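For the sequence shown, the UniProt record's numbering gives the first residue as 1, with consecutive numbering after it.
Cβ coordinates follow ideal geometry from the N, Cα and C atoms, glycine included.
Small disclaimer: the values here were computed from a predicted structure and weren't measured.
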Amino acid sequence: MDATAKVEAGSGMARQAGEALGEIVAGVKKVADLIAEISAAAQEQALGIEQVNKAVIQMDSVTQQNAAQTHRFSSIAKAVATQAMELQGQVDQFKLSGQVIAPG
């Protein structure tokens with residue numbers, strides 16, 4: 001092989017290497033784009049999880065408040081029932097026209 005043929009062969013190899021490097025760069029760019037998309041999706045999911053967590057915390061707070069109110073209302077209902085029974089006992093002792101009023 002003479003020098004001209006060697007130069008042409010070397011030039012062809014350099015061109016092929018350049019094309020291969022171009023393909024590699026394009027592939028790396030695609031991978032970088034995919035990584036950016038994955039990162040954006042992960043951030044979006046993290047935000048969604050944070051919002052769900054806040055909602056669960058709020059629901060827990062409301063549930064605790066409801067439980068406290070239910071306990072309070074139950075105590076009030078018991079107190080009112082006790083007072084009603086005491087009042088009924090006092091009313092039962094009244095007499096009208098010489099007769100004792102029957103309970104209930």
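For residue i, which three-state DSSP category applies?
i	result
MET59	helix
ASP92	coil
MET13	helix
residue 142	Within the shown structure, residues of the chain are numbered from 1 to 104, placing residue 142 beyond reach of any answer.
ASP33	helix
Quick check: is any heavy atom of the ligand PLP less than 7 Å from the C-beta of residue i?
i	result
ALA79	As for the ligand PLP, it is missing from this structure, which has no ligand bound.
Can you find a C-beta in chain C that's less than 8 Å from the C-beta of residue i?
i	result
ALA79	The structure shown contains no chain C; it holds only a single protein chain.
Go through its chain and collect everything with a Cβ distance to residue i's Cβ below 7 Å, but skip five positions before and after it.
i	result
ILE49	none
ILE56	A small correction: the amino acid at residue 56 is Val; Ile does not occupy that position in the sequence shown. None.
Suppose the cutoff is 8 Å on Cβ atoms and the five residues either side in sequence are ignored; what does the same chain contact list for residue i look like?
i	result
ASN53	none
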